[in-house]
Ligand SMILES: Cc1cc2nc3c(=O)[nH]c(=O)nc-3n(C[C@H](O)[C@H](O)[C@H](O)COP(=O)(O)OP(=O)(O)OC[C@H]3O[C@@H](n4cnc5c(N)ncnc54)[C@H](O)[C@@H]3O)c2cc1C
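Numbering (my numbering), first residue to last: 9 to 513.
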């Protein structure tokens, strides 16, 4: 989470750090009352805690585990480190695209997992108890739960608050498939203690986590089958995205069983190693060495006393919040995965910053999900921001097989789709290709600025770079608008007049 280090609560700094906002903080009236009690020490809780303490508030964070949450320990960081190792293996196997003899890499899976661990440890100090305490945050290493309005119980401690924040995150949902829970499957939580690569891996769920990890395990040498009940993997994305990623995964040797529901899982011990039998609704049955469940995540809202303080839950158990991240109890705010909207680390950080402003300073900064991008770290990457669907939108596209930077990689694949509204303003974008997660940064600021395509197309960029992909999509639109027969009809007489003038000189 270093890029979203809580020491840099990005969205907080812009408004709440003004001296006007600072003087509006109301110090707690009694010494024993906290300005802010935060339950949960993942990204949302960490950003809020450090932001609030940095502004001079009395803040306590309740977290039974090591601070850092899913992103650091079981999510972004370990998965992206694993994906990097897997990419190296893939590059060795496909070196022939560069005229180099390909080799089958010898993979020491335990060593790879050791490096995954190193990456987490490298970053962990940003979020450590010591760092938090140095920043003025009190940390209580207990589970927290509301016991009455204004009171959170954390072990032996009863914490009184002016304002509280629910930042308890989410955990993998295990679907009610007969035999699945009893088979003790792998999830994004327990996966990281594996030391042996499963030879045959079944992934249940072809969403973001299933595709990222499925591709990584396949590249590291597992034979991977992804089961997805929807007709396509990455089903919530546009068909051109899921089709491209699907065909790449298939080309790399993964088996994608789409439109297929897993109906049963059973396990049996073969000596010291278990085997799993996966049954599906198309009557098939396959045998694997490990099962990874990636069928979505469930918010952590049970057992934290929400009923005692009148906090309402919405569909799927998420904490219901208004545009200011305030729950049905006006003293309690919620942010991050527990509110179930765009569950990414940068969303949690954004929420954390907003909650400091809104809870402590009584500002009314509202959420705007149209300017929150996301990236999926398959290879090629997928990244998107804003509105990308709707009959009122116009799409301009550019294929990366025509993008010079992409051609020079030896594997030109991907596209940029830009979406404009009726006034011709950029409202959304999707990029698929190498470094798509980087290209989306510029597009996010353009969506935020409601830019015209000409501003994107005519900006000068270093050549050749991936950032030119979206620019070429914008230029295609400008070409279509300006390089027309009508333009030629108008310009030709002007040019001949100018030629005559030149020859008269
Ligand atoms: C495999 C995987 C890969 C991912 N990759 C990315 C990525 O590349 N980019 C990205 O942006 N996002 C990614 N995510 C999502 C990202 O990890 C989450 O969106 C982010 O961690 C949410 O932060 P949070 O603070 O809401 O919750 P969490 O990080 O889950 O933190 C919640 C904390 O609350 C604590 N807690 C729970 N109950 C209590 C209680 N009663 N009392 C006290 N503490 C409690 C937990 O111990 C935990 O530490 C990934 C997720 C997974 C699973």
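Where is the CB? At the ideal position from N, CA and C, for every residue including glycine.
- Here DSSP, grouped into helix, strand and coil, assigns residue 454 to helix.
- Rounded to whole angstroms, the gap between the alpha carbons of residue 311 and residue 352 is 24 Å.
- Annotation for residue 305 indicates a beta carbon within 8 Å of some heavy atom of ligand 1.
- For residue 113, no beta strand (DSSP E) run applies, since DSSP gives it neither H nor E.
- Checking the 8 Å criterion, the Cβ of residue 215 is out of range of every heavy atom belonging to ligand 1.
- Pairing residue 103 with residue 408, the inter-Cα distance amounts to about 21 Å.
- Excluding its 5 nearest sequence neighbours in each direction, residue 231 has C-beta neighbours in its own chain below 6 Å: 208, listed in chain order.
- Under the three-state reduction of DSSP output, residue 370 falls in the coil class, being neither helix nor strand.
- Of the residues 217, 205 and 176, the one whose Cα lies closest to the Cα of residue 195 is 217.
- Segment contact: the stretch 178-197 against the stretch 328-340, fewer than three CB-CB distances shorter than 8 Å; contact not assigned.
- Along the length of the stretch 370-430, whole beta strand (DSSP E) runs at least 3 residues long occupy 382-384, 389-394, 402-407 and 423-428, reported in chain order.
- Around residue 305, the same chain offers 178, 179, 180, 181, 345 and 351 as residues with beta carbons nearer than 7 Å, after the five sequence neighbours per side are excluded.
- Of all alpha-carbon atoms in 372, 426 and 421, the one lying nearest the alpha-carbon of residue 393 is that of 426.
- With respect to the C-alpha of residue 265, the residue from 274, 242, 248 and 249 having the closest C-alpha is 242.
- The DSSP-derived three-state label of residue 469 is coil.
- Per the C-alpha coordinates, the member of 289, 261 and 253 positioned closest to residue 267 is 289.
- In this structure, the beta-carbon distance from residue 477 to residue 447 falls below 9 Å.
- Counting the other CB atoms within 10 Å of its CB gives residue 192 a total below 16, which places it among the exposed residues.
- Within the DSSP secondary-structure output, residue 152 pairs in a beta bridge with 162.
- Only residues of its own chain outside the window of five on either side were considered, and among them 242, 390, 438 and 440 have a CB closer than 7 Å to the CB of residue 249, listed in chain order.
- Within the chosen limit of 8 Å, ligand 1 reaches the beta carbon of residue 87 through at least one heavy atom.
- Short note on residue 219: C-beta not closer than 8 Å to any heavy atom of ligand 1.
- Annotated three-state conformation of residue 69 is strand, per DSSP.
- Beta-carbon to beta-carbon, residue 65 and residue 43 are separated by about 4 Å, close enough to satisfy the 8 Å threshold.
- Set against 8 Å, the gap from the CB of residue 47 to the closest heavy atom of ligand 1 is smaller.
- When distances are taken from the beta-carbon of residue 312 to the heavy atoms of ligand 1, the shortest one is below 8 Å.
- Taking the Cα positions, residue 338 is about 45 Å away from residue 482.
- With a threshold of 16 other beta carbon atoms within 10 Å, residue 442 meets it and is buried.
- With three or more CB-CB distances shorter than 8 Å, the stretch 163-177 counts as touching the stretch 47-62.
- Residue range 247-259 is occupied by the alpha helix (DSSP H) that includes residue 252, with no beta strand (DSSP E) assigned at that position.
- Residue side-chain check: residue 132 keeps its Cβ at 8 Å or more from all non-hydrogen atoms of ligand 1.
- Annotated as distal: residue 303 and residue 327, with beta-carbon spacing of 9 Å or more.
- Taking all protein chains in view, the Cβ of residue 166 is surrounded by fewer than 16 other Cβ atoms within 10 Å, so the residue is classified as exposed.
- In this structure, the straight-line span from the alpha carbon of residue 366 to that of residue 320 is close to 19 Å.
- Annotation for residue 52: the continuous alpha helix (DSSP H) segment containing it runs 51-62.
- Here residue 203 has 117, 118 and 121 as same chain residues with Cβ atoms under 8 Å from its own Cβ, once five neighbours each way along the sequence are excluded.
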